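Asks:
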Amino acid sequence: MIELLLIGIKVVVVTLIVFALPLPLTYIERKVAGHIQVRLGPYRVGPHGILQPFADMVKLMFKEDIIPAKADPWLFRIAPVIAMVPAFVVFATIPFGEKVTLPILNYEVNLYISNMDTGILYILAIAGLSVYGIILGGWASNSKYPLLGGLRSSAQMISYELALSFACIGVVMIVNSLSLVDIVKAQSGWHWNILYQPVGFVIFFIAGLAEINRIPFDLPEDEGTLGAGYHAEYSSMRFAFFMLTEYVAMVSMSILIVLLFLGGWDGPAFLPGIVWFLLKVAMLIYIIIWTRFTYPRYRYDQLMSIGWKILLPLSLANILITGLVII
Amino acid sequence: MAEQIFFFVFAILAVGSAIAVVSLRNPVHSVISLMVCFLQMAALFVMLRSPFIAVVQVFVYVGAVLVLFLFVIMMLDIAKAGMERFVSGGKLWVIALLGALLLEMVLMISRSRLSAITAPAAGRLTGTVREVGEALFTKYILPFEVVSLILLVALLGAIVLGRKELR
Amino acid sequence: MNRNHYNFDLNGLLKKVFFVDLIQGLFITFHYTFSKTITMKYPDEETWIPYKRFRGLHTLNKNKEGKELCVGCELCQKSCPTQCITVVPMQDTTGKGIADRVAYRWEINLLRCMFCGLCEDACPTEALKLGREYELAGTSMQRHLLTKEELLAPQAVPAEFEGGVIVKARLGTDETGIKVVPDMSVQKRWW
Ligand code: SF4
Ligand code: SF4
Chain A
11 MIELLLIGIK VVVVTLIVFA LPLPLTYIER KVAGHIQVRL GPYRVGPHGI
61 LQPFADMVKL MFKEDIIPAK ADPWLFRIAP VIAMVPAFVV FATIPFGEKV
111 TLPILNYEVN LYISNMDTGI LYILAIAGLS VYGIILGGWA SNSKYPLLGG
161 LRSSAQMISY ELALSFACIG VVMIVNSLSL VDIVKAQSGW HWNILYQPVG
211 FVIFFIAGLA EINRIPFDLP EDEGTLGAGY HAEYSSMRFA FFMLTEYVAM
261 VSMSILIVLL FLGGWDGPAF LPGIVWFLLK VAMLIYIIIW TRFTYPRYRY
311 DQLMSIGWKI LLPLSLANIL ITGLVII
Chain B
346 MAEQIFFFVF AILAVGSAIA VVSLRNPVHS VISLMVCFLQ MAALFVMLRS
396 PFIAVVQVFV YVGAVLVLFL FVIMMLDIAK AGMERFVSGG KLWVIALLGA
446 LLLEMVLMIS RSRLSAITAP AAGRLTGTVR EVGEALFTKY ILPFEVVSLI
496 LLVALLGAIV LGRKELR
Chain C
613 MNRNHYNFDL NGLLKKVFFV DLIQGLFITF HYTFSKTITM KYPDEETWIP
663 YKRFRGLHTL NKNKEGKELC VGCELCQKSC PTQCITVVPM QDTTGKGIAD
713 RVAYRWEINL LRCMFCGLCE DACPTEALKL GREYELAGTS MQRHLLTKEE
763 LLAPQAVPAE FEGGVIVKAR LGTDETGIKV VPDMSVQKRW W
């Protein structure tokens, strides 16, 4: 009974945290953007603009929810939800640490909702579903640019999911398990996978950026040529759902990279594991934001040739070499 | 008990969405229904204690195949596609064929030993990946390789068809 | 890559493989992240004082003895391309002006003014100057119809002040609009 209760509590806590995360993330992203561009970023709402995300949230909630007359009303309404749900469901099997003992109750708690046998596969499979929201949102808007955004998104997803999964296989081969907890355990004591799988790490990072639609691969929402792309027709909370999805995807991708390649919660003992874990994730999120405001966007044909002609063969070669070394 | 309730929920949703796939007029809506159907199938696989198959189902069918479906269908003129008949010409022989197929399936199921599966399988969800892998690469290595060869042939065929100079 | 020459460019290849250019780019932006920002915290904390040449809100000046310089010659009214100035002269022997003719009414409709400065150039006595106030947005029409009394009041930035600095400021709002009040005591250069 207490087990069930605990799972319930964990689900609620994780969902709430993940729901709230985009608030600070939008603020950080805008601040980093500002300073990279020698600006100050948001400054007026609250000290150093710290309340800006709340102001934005209120603004988004009270905006008019516009559904274009020629849109497919049912799909148009449901697409943001289709995008958002997988982004959250992914967290069901993401471990944040190993056991901790609750201070007052003296009860051991696992810092994950479930340790699935097929953890990494599950995450990749579910995370891939988010793209439906984008495709359907683009199609249901019944307008040119969103449709192009949706098409781009589907092609991009197919191309990069392959490289992403193949990059994982190297890690799985070394660790001999698909479970994320086992993968992290195998890396304890500085045996981080990035040292054994540098190529895999680079491929995973690049393909991951493409998978979560971040610059330099954010072609589905290319402001320059598509005018916001797949969510061009969205406004109000439905637009906010898409934004939420994007930020949650960024967090889960950073977490995934940390778990697979950067040793998860492994680190020098003077800090508890969860702190190391959060530090690493924060660092990766910063790097992702940093790259966003450093690089221009790739052209679409460049995107495709990077995916199919460089990343995919490289990841296959990586698997081959890893296999040879293991044997 | 709880398991049976879940089973019926998933099963009814799966059958319902499968019917929706063929009855909906809008191809994009059909694809969505197909996605729902596949997800329910995955859930049923989990209930059969094979999470690996379930995940692969989601990964391959929902994650990749259906995205390609959508990619193609999104290019269609939906208004026109919605008006088209699935089977042109007389319908009678189609219905007869379907009836025969249904009869055959009912017969097959009633005669086979499939009913044995309804007994709850071993209540274990861990270690299945390893078992699947081992079975695939030892006992069933020949079918596995044959299947991959067939897929390779299909792949090559598609490439040859797609090349402009050879057409 | 140029396909016509077959020189094997090892250096370039290594650069690509190790993302040298990309990482250099990252370092450049990282450097900017911690460099001094060039934007100012307008209007809450800082505001920009323009140079003397700036053409902002009009002022009517007085001479050193405190006499009105405007002699009501109506030249500004004639020269204004948008006809937004209205001058009605009158005779005055009380000595509040520098001559025995002063402006009875001197009104300007800022909604039509385009701050071209022709009125300033036309003025023979240098009574009219375009000052350095530029926060002219308001919520009522009345705010933009200024009269002689309002224009005679000294502006926050004195005419002799060189300008070209950032000063401390405070954002003030009233029912007619927004006014940013500069505090000239704390000045800093922009660069
Ligand atoms: S600045 Fe130009 S437009 Fe404005 S009052 Fe003077 S002459 Fe007229
Ligand atoms: S402001 Fe100058 S130009 Fe205008 S009426 Fe007065 S003296 Fe003449």
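As given, the protein sequences belong to chains A, B and C, one line each in that order. Counting the first sequence from 1 gives a position; this note's numbering is that position plus 10. Counting the second sequence from 1 gives a position; this note's numbering is that position plus 345. Counting the third sequence from 1 gives a position; this note's numbering is that position plus 612. Note that beta-carbon positions come from the ideal geometry of N, C-alpha and C, so glycine has one too. What you are looking at is a predicted structure, and each value in this text was computed from that prediction instead of being measured.
(1) Per DSSP, what kind of secondary structure is G709(C) in: helix, strand or coil?
(2) Out of A363(B), A359(B), L384(B), which has the shortest C-alpha to C-alpha gap to I92(A)?
(3) Relative to the C-alpha of V100(A), which residue among Y155(A), V28(A), R49(A), G51(A) is closest?
(4) Between M260(A) and chain B, is there a C-beta pair that is closer than 9 Å?
(5) Who are the near neighbours of S691(C) in its chain, counting only those whose CB is closer than 7 Å to its CB and skipping five residues on each side?
(6) Using the beta-carbon of each residue, which ones in chain A are nearer than 8 Å to A409(B)?
(7) What do you reckon, is the C-beta of T684(C) under 8 Å from a heavy atom of ligand 2?
(8) With a threshold of 8 Å (Cβ to nearest heavy atom), would G729(C) be considered close to ligand 1?
(9) Any beta carbon from chain B within less than 9 Å of T36(A)'s own beta carbon?
(10) Check whether the Cβ of L321(A) lies closer than 9 Å to any Cβ atom in chain C.
(11) Is it the case that the CB of L669(C) approaches a heavy atom of ligand 1 more closely than 8 Å?
(12) Between L626(C) and chain A, is any beta-carbon pair separated by less than 9 Å?
(13) For T812(C), which three-state DSSP category applies?
(14) Indicate, with yes or no, if ligand 1 has a heavy atom lying under 8 Å from the CB of P693(C).
(15) If we define contact as Cβ-Cβ less than 9 Å, is V498(B) a contact residue for chain A?
(16) Would you be able to state if there are at least three C-beta pairs under 8 Å between the segment 654 to 669 of chain C and the segment 735 to 748 of chain C?
(17) Could you please give the first and the last residue of the uninterrupted alpha helix (DSSP H) stretch that includes M67(A)?
(18) In whole angstroms, what separates the C-alpha of A151(A) from that of Y244(A)?
(19) Name the DSSP bridge partner or partners of V700(C)?
(20) Who pairs with P794(C) in a beta bridge, going by DSSP?
(21) Does the count of Cβ pairs from the segment 160 to 167 of chain A and the segment 205 to 219 of chain A closer than 8 Å reach three?
(22) Measuring alpha carbon to alpha carbon, tell me which of G147(A), Y142(A), G277(A) ends up nearest Y406(B).
(23) So N371(B) is in the alpha helix (DSSP H); what residue range does that whole segment cover?
(24) Taking 9 Å as the threshold (C-beta atoms), are E108(A) and R195(A) in contact?
(25) At the level of alpha carbons, what is the spacing between N675(C) and P736(C)?
(26) From K69(A) to I504(B), what does the alpha carbon distance come to, in whole angstroms?
(27) Quick one: grab the DSSP three-state call for E171(A).
(28) Go ahead and pull the three-state DSSP assignment for L186(A).
(29) Who are the neighbours of V42(A) on chain C, taking C-beta pairs under 9 Å?
(30) Quick one, which residues of the segment 123 to 147 of chain A are near chain B if we go by CB-CB under 8 Å, in chain order?
Replies: Straight from the coordinates:
(1) strand
(2) L384(B)
(3) V28(A)
(4) no
(5) L730, C731, A734
(6) G138, I168, E171
(7) According to the sequence shown, residue 684(C) is Gly rather than Thr. Yes, ligand 2 has a heavy atom inside 8 Å of this Cβ.
(8) yes
(9) no
(10) no
(11) no
(12) no
(13) Examination of residue 812(C) is not possible in this model, given that chain C is present from 613 through 803 alone.
(14) yes
(15) no
(16) yes
(17) 62 to 72
(18) Ala is not the amino acid found at residue 151(A); the sequence shown has Ser there. When rounded, the distance between both Cα atoms is 8 Å.
(19) R717(C)
(20) A781(C)
(21) no
(22) Y142(A)
(23) N371(B) -> no alpha helix (DSSP H), and no H or E assigned at all.
(24) In the sequence under discussion, the amino acid at residue 195(A) is Lys, which differs from the Arg named in the question. Cβ atoms of K195(A) and E108(A): closer than 9 Å.
(25) 14 Å
(26) 51 Å
(27) helix
(28) Strictly speaking, residue 186(A) in this sequence is Asn, with Leu absent from that position. If DSSP states are grouped into helix, strand and coil, N186(A) belongs with coil.
(29) T645
(30) M126, D127, T128, L131, Y132, L134, A135, I136, G138, L139, V141, Y142, I145, L146
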